Amino acid sequence: MTNPARAAFAEQAEACDALGSALTARVLRLLCSELQPGGAVADRVLTWPGDPSFRAGSVALRLAGGLHALVLSGEDADLAEAYRNPPDDAALSAVLRRVLIQHERHLLHWLDNAPQTNEVRRSAVVIAAAHWLTARCGMPLVVSELGTSAGLNLIWDRYALALGGRHFGPPDAALTLTPDWQGALPPVAPPQVTARAGVDLNPLDAETDRLRLLSYVWADQADRLARTAQACAEAARLRPQIDRADAVEWLAIRLATRYTGHLHLIFHTVAWQYFPTATQERGEGLLAEAGAAATSNAPLARLSMETDGTAPGAALILQLWPGNHRLPLGRADFHGRWVQWAAPPVQGAG
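Take the sequence shown: its letter number 222 is residue 246 in our numbering, and every next letter is one higher.
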């Protein structure tokens, strides 16, 4: 019978291949063999309590992040060279075998914490939805993000979306996103954010936790690394409000305030799917209750980019109150590489 942790590494390797990281996939497959009982790191991984898969413990991504941190920090020159110019499997396995022993303390520490992806390209969906909502409602926004981590997507309005020769976002955007876009373009209705806050059980700091944030970006994806570094710099400059709390307890407090003359936008991207079932159920109840109390002068919206068990990518769902409208907006790649936009047109919007 296959060890659950080894199965988790193999499954994660397939996901890395699908998301364009051949190097990370290869490293994880080699680790399936190199993780043998007797070493502290291997023993920790192979006897992982609970579910080690990426849907729960994410043990493969924890270890991959720890290895990448050694590369980014320059603490292991041979590993860094192997990542830059990957040798054959035998040589790469030998490097990994040594690193698991030599950097035992570092890797055990990295295994203590769940990975936090902070994929900035997911902001493309938020930017498009915010333009759609602004065209529909004509109000400034109050923004609340669930599972915000370091807040890199909480500041989505500091990024631009370049589509079909059009520019959606501020002229001095900190970075520009260019996903493979299918479907109509969003309406030209620049959103105005008057207040924002996010929540996370373990929020990271865009400045002091920069190495950890970058370590969870796969090593052979230089564009993602550069984009994440840019977003870290902007989040460190802006310092958006990020609260350490249970997402649903925090949501109850946020929903208790009525923002008259504003649209309150709750959003989460590849976060809700990791919440416990009881947390999800309570959150749905809170949103339904707040939605029932919403008015045309204080509307409420919830944007969700989460797995729905259907391929490809994640489902994009917008709920809008009053009226309890549930609007499918299309689908998006989990890393925001492509968007299949299917939002209904807004009457009168350009």
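Yeah, the Cβ is synthetic: ideal placement off N, Cα and C, and Gly gets one too. Everything numeric in this text was worked out from a predicted model, so none of it was measured.
- With 16 or more other Cβ atoms inside 10 Å of its own Cβ, P227 counts as buried.
- Looking only at A339, L55, I290 and F358, the smallest Cα-Cα distance to L165 is reached by I290.
- The Cβ atoms of P264 and R234 do not sit closer than 7 Å to each other.
- Excluding its 5 nearest sequence neighbours in each direction, E169 has C-beta neighbours in its own chain below 6 Å: L178, G222 and F291, listed in chain order.
- Under the three-state reduction of DSSP, A367 is assigned to coil, being neither helix nor strand.
- Annotation for R108: the continuous alpha helix (DSSP H) segment containing it runs A101 to R108.
- Residue environment: N321 is assigned as exposed (fewer than 16 neighbouring CB atoms within 10 Å of its CB, all protein chains considered).
- Around the CB of H191, fewer than 16 other CB atoms lie within 10 Å, so the residue is classed as exposed.
- Membership of G309 in the alpha helix (DSSP H) is indicated by the continuous run T301 to A317.
- According to the DSSP secondary-structure assignment, V166 is paired through a beta bridge with A219 and H288.
- Between the beta-carbon of V65 and that of L131 there is about 5 Å, and that keeps the pair under the 8 Å contact cut.
- Proximity of the region 295–306 to the region 324–334 meets the contact definition, three or more beta-carbon pairs being nearer than 8 Å.
- The DSSP-derived three-state label of W242 is coil.
- One thing to note: W362 has its Cβ within 7 Å of the Cβ of D204.
- Between R251 and V144, the CB-CB gap stays under 7 Å.
- The Cβ atoms of S173 and N137 do not sit closer than 7 Å to each other.
- The Cβ-Cβ distance between G63 and L103 does not fall below 7 Å.
- Apart from the 5 residues on each side of it in sequence, R160 sits with its Cβ closer than 7 Å to the Cβ of V370 in its chain, given in chain order.
- Residue pairing by DSSP puts L327 in a beta bridge opposite F291 and L342.
- Taking all protein chains shown into account, T301 has fewer than 16 neighbouring C-beta atoms within 10 Å of its C-beta and is therefore exposed.
- Counting along the chain, H349 sits inside the beta strand (DSSP E) bounded by residues H349 to A356.
- Around the C-beta of G315, 16 or more other C-beta atoms lie within 10 Å, and the residue is accordingly described as buried.
- By the C-beta density criterion, L225 is exposed, having fewer than 16 other C-beta atoms within 10 angstroms.
- If you compare the alpha carbons of M163, H155 and A246 with that of H92, the shortest gap goes to A246.
- In the displayed model, W180 falls within a helix according to three-state DSSP.
- Distance from the CA atom of G171 to the CA atom of A271, rounded to whole angstroms, is 7 Å.
- Using a Cβ distance threshold of 7 Å, L311 and A318 do not count as a contacting pair.
- The DSSP-derived three-state label of F78 is coil.
- Leaving aside the five residues that flank W274 on each side, the residues in its chain whose CB is nearer than 7 Å to its CB run, in chain order, V223 and D267.
- Under DSSP, R190 forms a beta bridge with L187.
- Annotated as proximal: G360 and R146, with beta-carbon spacing under 7 Å.
- Where T158 is concerned, the enclosing alpha helix (DSSP H) starts and stops at S147 to C161.
- When the alpha-carbon of N348 is set against those of A366, E313, G337 and D357, the nearest one is in E313.
- Within the DSSP bridge table, the entry for T200 names A184 as partners.
- The three-state reading of DSSP puts Q254 in helix, counting H, G and I together.
- In the structure shown, W296 falls within a helical segment according to DSSP collapsed to helix, strand and coil.
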